[in-house]
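Asker: In my numbering, the protein residues as written are 1371 to 1589.
Here a beta-carbon is modelled for each residue, glycine too, at the ideal position from N, C-alpha and C.
Fair warning: this is a prediction, and the values are worked out from it, not measured in the lab.
Shown below is the structure under consideration.
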């Protein structure tokens, strides 16, 4: 990601989170608390896609198999890249959770609490940023970097998980927005680190063989 685009993305995300916090988070949380039936059931299933443990285990096992059994360095690098993307994005996310200590929608709905309690590790004050949104954004962005295709499918999956976190009442919209942003940024930094170290994570397009030059006789 070019520096200019990174700055614009950061400014846009920060502005959107502030606007959402001031004007959107509370009414949306209250509205989502009224959602029941099929939509909530589907959301509770979709939201499980944001759990990081299966991806970390799969990426680690994939790296071991691809590196030492298949001996395919590029695919092994890709597995390692996805592992570090999800893991490090999650660590950064958890650190911010503790520093910020934002109350979850449940406290707003039950006790009218809407604010922050910094430097705490309590579940009900761990709303910002969303860990599930962070995980799915890091994973989908990372898979997109590795495969170089299926961008819209991956984006749809990520957005569905992000929306599900709001619908089930686990997070406010600004939580999932910043969580996803953080996942993308960390993944982009890791991709840049792999590139700097010369560790390929995707197959390079094969170069076309040079075409023979036709000789022309001078008249």
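Are there 16 or more other CB atoms within 10 angstroms of the CB of residue 1488, so buried, or fewer, so exposed?
Answerer: exposed
Asker: Under DSSP, the alpha helix (DSSP H) around residue 1414 begins and ends at which residues?
Answerer: 1408-1416
Asker: Taking its Cβ as the centre, do 16 or more other Cβ atoms sit within 10 Å of residue 1455, making it buried, or is it exposed?
Answerer: buried
Asker: Quick one: give me the first and last residue of the alpha helix (DSSP H) that residue 1550 is part of.
Answerer: 1543-1566
Asker: Going by DSSP, what residue range makes up the alpha helix (DSSP H) through residue 1506?
Answerer: 1501-1517
Asker: In terms of residue numbering, what span does the alpha helix (DSSP H) encompassing residue 1495 cover?
Answerer: Element bounds for residue 1495: n/a, residue is neither H nor E.
Asker: With a cut-off of 8 Å on the beta carbons, I'd call residue 1457 and residue 1432 a contact; round off their distance for me.
Answerer: Actually they do not touch by this definition, with Cβ atoms about 14 Å apart.
Asker: With H, G and I counted as helix, E and B as strand and the rest as coil, what does DSSP make of residue 1590?
Answerer: Since the first residue shown for the chain is 1371 and the last is 1589, residue 1590 is missing from the structure and cannot be characterised.
Asker: With DSSP collapsed to three states, give me the class of residue 1535.
Answerer: helix
Asker: Have a look at residue 1412 and residue 1568 and give me their C-alpha separation to the nearest angstrom.
Answerer: In this structure, the straight-line span from the alpha carbon of residue 1412 to that of residue 1568 is close to 42 Å.
Asker: Using CA atoms only, rank isn't needed, just tell me which of 1419, 1383, 1386 is closest to residue 1531.
Answerer: 1419
Asker: Report the option in 1445, 1539, 1505, 1426 whose CA atom is closest to the CA atom of residue 1549.
Answerer: 1505
Asker: Between which two residues does the alpha helix (DSSP H) harbouring residue 1572 extend?
Answerer: Neither: residue 1572 is in no alpha helix (DSSP H) and is coded neither H nor E.
Asker: Ordered along the chain, which non-local residues of its own chain (more than five positions away) have a Cβ less than 7 Å from that of residue 1371?
Answerer: 1558
Asker: Provide the residue(s) that pair with residue 1472 in DSSP beta bridges, ordered along the chain.
Answerer: In the DSSP output, where bridge partners are listed per residue, residue 1472 has 1486.
Asker: What residues in its chain sit with their C-beta under 7 Å from that of residue 1491, if we drop five residues either side in the sequence?
Answerer: 1468.
Asker: How many Å lie between residue 1381 and residue 1528 at the Cα?
Answerer: Computed Cα separation, rounded: 21 Å.
Asker: Return the CA-CA distance between residue 1564 and residue 1544, expressed in angstroms with no decimal places.
Answerer: Residue 1544 has its alpha-carbon roughly 30 Å from the corresponding atom of residue 1564.
Asker: Taking 8 Å as the threshold (C-beta atoms), are residue 1553 and residue 1429 in contact?
Answerer: No.
Asker: Determine the extent of the alpha helix (DSSP H) in which residue 1435 is found, giving its start and end residues.
Answerer: Bounds of the alpha helix (DSSP H) holding residue 1435 are 1423-1438.
Asker: Assign residue 1502 to buried or exposed, taking buried as 16 or more other Cβ atoms, counted over all protein chains shown, within 10 Å of its Cβ.
Answerer: So residue 1502 counts as buried.
Asker: Which same chain residues, not among the five before or five after residue 1541, have their C-beta less than 6 Å away from its C-beta?
Answerer: 1497, 1500, 1535
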